[in-house]
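For reference, the structure is listed below as structure tokens.
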Amino acid sequence: MLKMDACAMIRHIGRAMRYGERAMLSAFHFFHHFHWVSLDAGQMWPATDLPAVCLACLHLAGKAEDTAFRIDYLMDIADQMKMALPPYGAGTGRGGGSSADILAAGRAPSRADVVRYEYRILETRRFNTNVQHPSRRLPEALARARVPAALRDVVPGVFQTRAYTDCDLCLQEDYRAVIAAAIVYMALVQRRGGGGGGGARAWALPENFFEQLGVPWAKVADFVALMVQTVKDVRLREPVQTLLKIPVRVVHRKSASARKRSESTT
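Position 63 of the sequence shown, counting from 1, maps to 63 under UniProt numbering, and the rest follow consecutively.
Okay, structure coming up:
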């Protein structure tokens with residue numbers, strides 16, 4: 001639950017800071033990587049330091065994506081947000097509570113705490129702040145899949161859902177599978193009447209889409225399943241809440257030529 005608490009805190013404060021999608025995803029990535037490295041090295045930080053770690057990730061992400069704010073302004077926003085933050089501490093074994101309790105006067109992280117954790121995060125990354133985001137390849141993939149413009153607004157919601165997953169998906173996921181899953185999501189949603197009007201409802205994935213993108217369907221299916229479980233866990237609002245109604249398994253029909261080849265070999 002600690003990771004879920006952190007993602008919720010990063011999301012709320014990042015939105016208040018008006019961070020863009022790339023900066024938000026970088027902040028999530030920095031947190032998941034730092035948490036994984038700390039856990040693996042047996043040097044896990046105290047749960048009560050979670051706000052300092054989250055603010056450090058947000059500040060570092062702002063620098064990495066050229067949307068940096070002064071650290072004092074970031075901390076002011078966090079202080080203003082403390083009563084609106086989601087529940088905190090459910091899985092820490094410290095009696096639960098709320099984010100407001102953790103950020104209360106006298107327990108809120110200091111500027112020095114945030115700077116100290118920012119340096120520790122940089123150390124775990126060998127001072128490399130470069131994060132490869134799937135959004136960089138998204139336009140090309142959308143063009144290959146011939147996705148109608150009416151459906152393309154769904155993609156940011158899918159990427160935001162990805163950011164709420166555990167470190168295995170956030171740190172090791174193949175960007176092609178992320179993009180393919182986003183497009184599969186759009187295809188499934190529009191079939192259920194949620195993908196816009198007009199000709200958009202008749203759109204379907206090109207038969208050789210996965211071959212064109214160079215990603216096996218098994219990877220996409222696993223990723224979609226993880227997205228569905230993530231939405232169940234965090235109970236996100238629209239547009240990504242519709243994932244709850246989407247079947248994970250997708251069956252693709254063979255073309256006439258493929259059927260003939262299959263029949264000739266039997």
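Glycine included, every Cβ here is placed at the ideal spot set by N, Cα and C.
By the 16-neighbour rule on beta-carbons within 10 angstroms, Phe-223 is buried. For Ala-149, there is no enclosing alpha helix (DSSP H), as DSSP marks it with neither H nor E.
Cβ-Cβ separation between Arg-125 and His-33: approximately 7 Å, consistent with a contact (criterion under 8 Å). Judged by beta-carbon spacing, Ala-61 lies within the 9 Å limit of Met-24, meaning their Cβ atoms are closer than that value. Going by DSSP, Ala-23 is part of the alpha helix (DSSP H) stretching over 21 to 40.
CA-CA distance, Ile-10 to Phe-127, rounds to 21 Å. Scanning Leu-39, Ile-183 and Lys-3 for the CA closest to the CA of Ala-27 turns up Lys-3.
Counting C-beta pairs with one atom in each stretch, the region 33 to 44 and the region 67 to 75 have fewer than three that are closer than 8 Å, which means they do not touch.
With a cutoff of 9 Å on beta-carbon distance, Leu-205 and Ile-179 are scored as not near each other.
With respect to the C-alpha of Cys-54, the residue from Phe-30, Thr-129 and Glu-123 having the closest C-alpha is Phe-30.
Leaving aside the five residues that flank Arg-144 on each side, the residues in its chain whose CB is nearer than 8 Å to its CB run, in chain order, Pro-206, Phe-209, Gln-212 and Leu-213. The DSSP-derived three-state label of Gly-62 is helix. Spanning the alpha carbons of His-133 and Gly-20 requires a straight line of approximately 13 Å. With distances taken between CA atoms, Glu-118 lies nearest to Ala-52 out of Leu-74, Ala-52, Asp-66 and Pro-139.
Taking 8 Å as the upper bound for CB-CB distance, Val-220 and Ala-177 are in contact here, some 5 Å apart. Between the alpha carbons of Val-114 and Ala-56 lies a distance of about 5 Å. The alpha carbon of Ala-78 has as its nearest neighbour, out of Ala-218, Ala-141, Ala-16 and Pro-139, the alpha carbon of Ala-16.
Looking at Ala-112, Arg-120 and Val-215, the one whose alpha-carbon comes closest to that of Ala-141 is Val-215.
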